[in-house]
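Presented below is the structure to which this report refers.
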Amino acid sequence: MGTIIRHTFLDSNGIRMHVTDAGRGYPILLCHGFPELWYSWRRQIHALAEAGFRVLCPDLRGFGGTDAPEEIESYVMRELVEDIHGLFDALGIDKAGVVGHDWGGALAWQFALRHPERTERVASLNTPYLPPGPQAPSLMYRDAFGLTDKTFYMRHFQEPGVAERELEADVRDTFQKLMRPAKYADAVASFMTVGNGSSLLDKIGPGETFLSKIDLDTYVRIYKRTGFRGGLNWYRAMDLSWEEERELPSTIDLPALLVVADKDPVLRPEMAELSRPHVKNLRIERIADCGHWTQQEKPGEVASLLIDFFGDLRDPAMD
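When you line the sequence shown up against this note's numbering, it's residues 32 to 350, in that order.
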């Protein structure tokens with residue numbers, strides 16, 4: 032019969048969240064990145080549920096079927112963490128394994144840091160855990176990349192409306208250009224710097240996407256409805272999050288897994304070692320021939336690593 036994915040809406044931290052729920056057993060929460068949806072975990076949902084887990088995948092604040100408040104202040108990391116905390120409360124979950132990719136990885140680390148009592152273990156795809164640096168992120172990227180023809184994309188995102196116009200001009204083209212397999216890593220990397228008359232997607236040439244027609248149609252249908260503003264506001268709140276995170280402890284003392292992709296041009300695999308001083312019980316795994324969109328490009332490898340990492344939490348009666 033296969034795994035049944037149940038869709039539900041719940042109230043958490045003042046917003047209405049769309050969450051998918053599949054399987055039964057020990058709960059595992061999967062948090063997506065930008066510009067994605069719960070749907071980015073579609074293959075891991077089935078694999079984990081069939082392995083004996085309850086799998087929860089929300090559309091995070093600003094994405095898909097979940098509310099997207101207007102105010103940038105609504106997207107500080109404190110609020111994003113409390114969305115998950117409230118989700119656990121609404122579903123009656125005391126503790127879970129927490130997994131994230133890209134921005135979802137940053138959220139997973141922060142949830143584990145702030146709510147270790149609700150986190151059994153934490154896993155991140157691509158995103159290392161790093162405490163806040165001495166400069167606000169926007170200033171750090173300014174100094175590293177400059178303000179002319181190599182302006183870093185996260186700074187380009189800061190002005191409301193600019194990136195929205197570029198990404199929403201042709202939503203199908205946006206996803207076809209961004210969601211490319213590892214052999215196009217260099218082309219996709221051109222997304223990271225803009226300026227000199229170029230926009231985010233100008234320098235990405237033709238090439239295939241790893242998305243099927245159904246996958247692509249799903250992203251296009253939903254993003255044509257929602258636009259990109261909600262997800263972009265995570266970047267616009269990053270300096271506010273940095274201010275608040277400086278007041279927090281900086282060490283995570285939980286079993287942790289960091290999965291890196293060897294051809295990710297954004298979150299480079301060598302960055303993983305920077306996490307070791309701050310995560311006491313860290314396991315690092317590397318997936319070969321994989322770009323940034325790890326769980327979509329290498330679904331089987333990701334599922335196997337997660338099942339291995341969380342495997343002993345399964346109820347023996349499920350076997």
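All C-beta atoms in this analysis are idealised placements derived from N, C-alpha and C, irrespective of residue type, glycine included.
Which listed residue (Asp201, Ala200, Ala167 and Glu199) has its alpha carbon closest to that of Met185: Ala167
So, are the CB atoms of Ala268 and Tyr106 less than 8 Å apart? yes
Considering Cα atoms alone, identify which of Phe84, Tyr70 and Leu161 is closest to Val310. Leu161
8 Å Cβ cutoff met for Ile103 and Asn264: yes
Span of the alpha helix (DSSP H) holding Ala319? No alpha helix (DSSP H) holds Ala319; DSSP gives it neither H nor E.
In three-state terms, what does DSSP make of Pro300? helix
Residue of Arg55, Gly96, Gly64 and Leu91 minimising C-alpha distance to Glu81: Arg55
So, with DSSP's three-state summary, where would you put Ile124? coil
Is the beta carbon of Ala154 closer than 8 Å to that of Leu337? yes
Decide if Leu244 is buried, meaning its Cβ has at least 16 other Cβ atoms within 10 Å, or exposed. Looking at the sequence shown, residue 244 is not Leu but Lys. Exposed, because fewer than 16 other Cβ atoms sit within 10 Å of the Cβ of Lys244.
Considering only residues of the same chain and omitting the five flanking positions on each side of Val291, which have a CB-CB separation below 6 Å? Pro300, Ala303 and Arg317
Short of 6 Å in beta carbon distance, which residues of its chain neighbour Asp320, apart from the five on each side in sequence? Order them along the chain. Ala213
Give the straight-line distance between the Cα atoms of Leu79 and Asp174, rounded to the nearest whole angstrom. 42 Å
Verify whether the separation of the beta carbon atoms of Arg211 and Thr240 is less than 8 Å. yes
Three or more C-beta pairs closer than 8 Å, one from the region 57-69 and one from the region 82-100: is that the case here? yes
Roughly how many angstroms lie between the CA atoms of Val202 and Gly45, to the nearest whole one? 30 Å
Going straight from the alpha carbon of Leu170 to that of Pro296, what length do you get? 21 Å
By alpha-carbon positions, which one of Lys234, Pro159 and Gln189 ends up nearest to Tyr172? Gln189
Three-state secondary structure (DSSP) of Leu99: Per the sequence shown, residue 99 should be read as Ala rather than Leu. Note: Ala99 maps to coil in three-state DSSP.
Tell me, please, which residues DSSP counts as bridged to Ile46. Ser43
Ile283, enclosing beta strand (DSSP E) - first and last residue: Ile283 to Ala292
Sort Met223, Gly123, Met108 and Arg74 by Cα distance to Leu41 and report the nearest one. Gly123
With a threshold of 8 Å on Cβ separation, who are the neighbours of Leu111 within its own chain once the five nearest residues in sequence on each side are excluded? Leu91, Arg92, Leu138, Gln141 and Trp265
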